[in-house]
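S.K.: Dropping a structure here in structure tokens format, bear with me for questions.
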Amino acid sequence: MFDLTTLPPPVVIEELSYEAVNTRQIAQFKSHWAELRITYPELPDYDVTMLETDPAVILTETESYRELLLRARINEAARARLLAFAQKGDLDQLAAFYDIVRQPGEADTRLKLRVILAIQGRSTGGPKERYKSIAMNADIRVDSVEVYRIYRSPLIYVAVYSTEPNGVASPALLETIRGALTDEDVQLVNDEFVVSSAILNVVNLAFDIWLLPDADEATVTRAIDALKTAWAVEQSLGRDLVREWWVSKLMISGVHKVTPTAPMADVIAPPSEALAIGTVTPNLRGRAF
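Here is the structure:
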């Protein structure tokens, strides 16, 4: 799946600076004043930075602020037309161009994913992104989908990770997805689908932990909560549980050091499998700087 965050910053979005705008306004004022002095030599040499209460200074600063607001509004309008930045109603308008309509309660992140899948899978003969798009369009409860074949089998396997408890797709949800994939308007004649819930593999974690001298022991509980919260956001089909990642999530304020003791290696998730964090067993080793 293409990651929009890897794109370079768009040139059309300008980095704003009040100081730069005001400096330009002052330079323009000085230039115009110098031209007026050619026509009216009796005018004095003028420095707009002499007094903050000078009307010319006040007008220049006011105009600079107005220009900054205008440029900020132009930036907002440019962002609204870019998929990586569009939100809410602006995103709905972009999605509609690809015949994608926001589902009830659907977050911007998921809607963007469906737009990307619609673009990547627009060929009627597949790629797999087409089937992913159809499955995710079928129901808001579809969190992620993996589509694959086993060797040269003609069967197309569709593994579904849902927003339902533990990510397990209910039979009713699987039937909804199967119906969407086999609709006569989208199914190719030789396509045969096997739709199933993703396999949920529970991983138990254990680690040694050292706290800073002034940290209370409840810090350990907060660290575990932070880890579980972070994984709830990241958890999806094929998402590996990397030791360096989960250790970093335990390093909250008050924690000096964390050493993982189980598992001793990264846990690799096959494309049709989702990993869940099971028991988390800390071993408080003491305190240190």
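Just so we're aligned, residue 828 is where the sequence shown starts under our numbering, counting upward by one.
Glycine is no exception: its CB is placed at the ideal position from the N, C-alpha and C atoms.
Return the first residue and the last residue of the beta strand (DSSP E) that isoleucine 983 is part of.
M.R.: 982 to 989 is the extent of the beta strand (DSSP E) around isoleucine 983.
S.K.: Tell me whether arginine 1112 sits in a helix, a strand or coil according to DSSP, three-state version.
M.R.: Arginine 1112: strand per DSSP, three-state reduction.
S.K.: For valine 985 and serine 950, I'd like the C-alpha separation in whole angstroms.
M.R.: In a straight line, the C-alpha of valine 985 is about 18 Å away from that of serine 950.
S.K.: Do valine 848 and glutamate 894 have their beta-carbon atoms positioned less than 8 Å apart in this structure?
M.R.: Yes. Within cutoff.
S.K.: Which residues does DSSP pair with valine 1030 in a beta bridge?
M.R.: DSSP lists Ile1104 as partners of valine 1030.
S.K.: Report the residue from Ala1025, Pro1109, Leu1054 whose alpha carbon sits nearest the alpha carbon of proline 1098.
M.R.: Considering only alpha carbons, the answer is Ala1025.
S.K.: Rounded to a whole number of angstroms, what is the C-alpha to C-alpha distance between valine 1047 and proline 1109?
M.R.: Valine 1047 and proline 1109: Cα-Cα distance of roughly 8 Å.
S.K.: Roughly how many angstroms separate the alpha carbons of isoleucine 865 and lysine 857, rounded to a whole number?
M.R.: Taking the straight line from one Cα to the other gives about 13 Å.
S.K.: Excluding the five sequence neighbours on either side, which residues of its own chain have a C-beta within less than 8 Å of the C-beta of threonine 887, listed in chain order?
M.R.: Asn849, Gln852, Ile853, Phe856, Val875, listed in sequence order.
S.K.: Put aspartate 1010 into one of helix, strand or coil per three-state DSSP.
M.R.: Aspartate 1010 falls in the coil class under three-state DSSP.
S.K.: Once DSSP output is grouped into helix, strand and coil, what is the label at aspartate 970?
M.R.: Aspartate 970 falls in the strand class under three-state DSSP.
S.K.: Is there contact between the segment 966 to 976 and the segment 1050 to 1068, where contact requires at least three CB pairs shorter than 8 Å?
M.R.: Yes, the segment 966 to 976 is in contact with the segment 1050 to 1068.
S.K.: Assuming alanine 1007 contacts alanine 965 (C-beta within less than 8 Å), just tell me the rounded distance between them.
M.R.: Yes, they are in contact, since the Cβ atoms of alanine 1007 and alanine 965 sit about 4 Å apart, within 8 Å.
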